[in-house]
Amino acid sequence: MKYLVMLSILVLSACSLTTEITKVEEEAKPTDLNQLVEKAIIRYPASVNGTFQFPIQTAESKDGVVYLYTHSNEKDPKNITVILAQSSIDAFVDIYGSSLESYFKGKTIEVDGHVKLNKVIPLKGGKHYYKTEIKVRSTDNLKVLNQV
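Per the numbering used here, the sequence shown starts with residue 160, numbered consecutively.
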């Protein structure tokens, strides 16, 4: 009986170590954008929380907000839009320079936050489409990893 208890402790200890190693390996992998969009669709209207890596292909600034896109067409259903909140733009400019759109284009970024599917209603015809977005409210939630 004593050996059975010892064996159980060893097995359970090994399992907990394996889980921690697996988590580290998963976090280091680039985010599969298609899977993330699918998760956002399934979880709608709730969000998908985590740390994600995105290659930024294009970027633009509208009304004091900077939008970073993972695809060249912002309306592409597979696109994920990273939104730098207006309240955080000054802090981002201090770190990355005045042209945030130019700086982030062609880079891979890591973002900690909530990915959510949002309904967008264009002005013409009242038709709508959905965009997958993640809002960044602080420089602490975004890290530049490398060039794409």
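Glycine included, C-beta positions come from ideal geometry on N, C-alpha and C. Please read these numbers as outputs of a predicted model, since none were measured by experiment.
Looking at the backbone, the Cα of Thr240 and that of Ala250 are separated by about 20 Å.
Exclusion of the five residues before and after Leu259 leaves Ala218, Ser220, Val225, Leu243, Ile248, Phe251, Val252 as the residues of its chain whose Cβ lies within less than 8 Å of its Cβ.
Annotation for Lys237: Leu192, Asn193, Val196, His230 place their beta carbon closer than 7 Å to its own, counting only its chain and skipping 5 residues before and after. The beta carbon of Val295 sits closer than 8 Å to those of Val241, Ile242, Leu243, Ala244, Ser247, Val270, Gly272, Leu301, all from its chain and outside the five residues before and after it, given in chain order.
Looking at the DSSP output, Thr291 sits in a beta bridge with Ile239, Leu276.
Thr210 counts as exposed, since fewer than 16 other beta carbons sit within 10 angstroms of its beta carbon.
Annotated three-state conformation of Ile248 is helix, per DSSP. Under DSSP, Asn193 shares a beta bridge with no residue.
Thr298 and Leu276 have their C-alpha atoms some 22 Å from each other.
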